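Have a look at the structure below before the remarks.
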Amino acid sequence: MLIANALGSPPVDVIEQCHEAGLKVAALAGAPKHALSHVANGVDIIVAQGYEAGGHTGEIASMVLTPDIVDAVGPDVPVLGAGGIGSGRQVAASLALGAQGVWTGSIWLGTEEYRNLAGNQGWETAFLRATSSDTVRTRIYTGKPARLLKTRWTQAWEEEGAPQPLPMPLQNLLVADAHNRINASGDPDVISMPVGQIVGRMNEVRPVAEVMADLVAEFEATVKKLDGIAGI
Ligand SMILES: Cc1cc2nc3c(=O)[nH]c(=O)nc-3n(C[C@H](O)[C@H](O)[C@H](O)COP(=O)(O)O)c2cc1C
712 MLIANALGSP
722 PVDVIEQCHE
732 AGLKVAALAG
742 APKHALSHVA
752 NGVDIIVAQG
762 YEAGGHTGEI
772 ASMVLTPDIV
782 DAVGPDVPVL
792 GAGGIGSGRQ
802 VAASLALGAQ
812 GVWTGSIWLG
822 TEEYRNLAGN
832 QGWETAFLRA
842 TSSDTVRTRI
852 YTGKPARLLK
862 TRWTQAWEEE
872 GAPQPLPMPL
882 QNLLVADAHN
892 RINASGDPDV
902 ISMPVGQIVG
912 RMNEVRPVAE
922 VMADLVAEFE
932 ATVKKLDGIA
942 GI
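Going from the sequence shown to our numbering is simple: count from 1 and add 711.
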């Protein structure tokens, strides 16, 4: 089993308790300095999560971040690449950048299993029509920068005269009720939802098993093609 933490390492005593219970601990990092601090605190696995990702995210894109973190932590610390991974080609790219595996989030929002959890069709309509330009990194969700679907709600916060988001944890307290009401409405024009730039390629809703099989098949085809280019 794995415990994963965003927004910093878990407290050191929690990491120690996890280890005593035989659990591995992972933590997300948006910059090499975050990864080094996680390692110093005893985290086992670093998730190098680039700017493209849904949810809380830093300023460095995966193409630059992954090798920077892999080199910073050295060969003894496993690194998972994350942010912008929604196809087998992107899995292969992340491994080519030095990651030992990948960590994904947004892709699972475009699945039948998520449809069964979501409760209404608003998300699905919004995801299916969104392009990769239709996300925004904003502090309106929690007070810290997080990538959300761009909607009339996120745009309202950018209008002239709109208030500045409050620092974490106050912003979430301020907007949580509004988000619940907005999301319950099922209106795809206003929903408030973390999603990454790969939303532009989430064009149909499929079972998780099918998405997984496609990831693997495209990854294998990509590696084969690259082998051919390298003349191996
Ligand atoms: C809807 C959504 C909710 C998320 N919530 C969390 C969270 O609570 N904790 C966390 O560590 N990461 C969270 N993430 C980030 C994911 O763990 C993952 O790092 C990220 O989605 C990877 O980038 P991708 O969205 O491009 O696949 C969330 C992502 C999404 C899309």
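C-beta atoms are modelled at their ideal positions from N, C-alpha and C, and glycine is treated no differently. Note that the structure is a prediction, hence the values are computed from the model and not measured.
Beta carbon nearer than 7 Å to a non-hydrogen atom of ligand 1: Ala715, Asn716, Ala717, Leu739, Val758, Gln760, Glu763, Ala764, Gly765, Gly766, His767, Ala793, Gly794, Gly795, Ile796, Gly797, Trp814, Thr815, Gly816, Ser817, Ile818, Leu820, Met904, Pro905, Val906, Gly907, Gln908 and Ile909
Go to Val934, then tell me how far its alpha helix (DSSP H) extends in each direction, as first and last residue. It spans Val919 to Ala941 - the alpha helix (DSSP H) in which Val934 sits, taken as one unbroken run.
Continuous alpha helix (DSSP H) stretch holding Trp864: start and end: Arg863 to Ala867
Along the chain, where does the alpha helix (DSSP H) containing Ile893 start, and where does it finish? Leu881 to Ser896
Do the CB positions of Ile756 and Tyr762 come within less than 7 Å of each other? Taking 7 Å as the Cβ cut-off, Ile756 and Tyr762 do not qualify as a contacting pair.
Out of Lys735, Val775 and Val919, which has the shortest C-alpha to C-alpha gap to Leu713? Lys735
Where does His745 land, buried or exposed, given buried means 16+ other C-beta within 10 angstroms? Under this definition His745 is a buried residue.
Candidates Glu871, Lys936 and Asn831, of which the one nearest Arg892 by Cα: Asn831
Of all the options Pro899, Asn914, Leu926 and Asp724, which has the alpha carbon lying nearest to the alpha carbon of Trp834? Checked all of Pro899, Asn914, Leu926 and Asp724; the closest Cα to Trp834 is Pro899.
When the Cβ atoms of the region 915 to 929 are set against those of the region 783 to 790, are three or more pairs found closer than 8 Å? no
Considering only C-alpha positions, which residue in the set Asn914, Ala920 and Val922 is nearest to Phe838? When each option's Cα is compared against that of Phe838, the closest is Asn914.
Completely contained beta strand (DSSP E) runs for the region 787 to 861, where each covers 3 or more residues: 790 to 793, 812 to 814, 846 to 849 and 857 to 860
So, helix, strand or coil for Gln728, using DSSP? helix
Taking DSSP's pairing of strands, which residues face Gln760 in a bridge? Ala793
For the alpha helix (DSSP H) containing Leu747, name the first residue and the last one. Under the DSSP assignment, Leu747 falls in the alpha helix (DSSP H) whose first and last residues are Pro743 to Asn752.
Identify which residue in Asn883, Asn752 and Val847 has its Cα closest to the Cα of Ser720. Asn752
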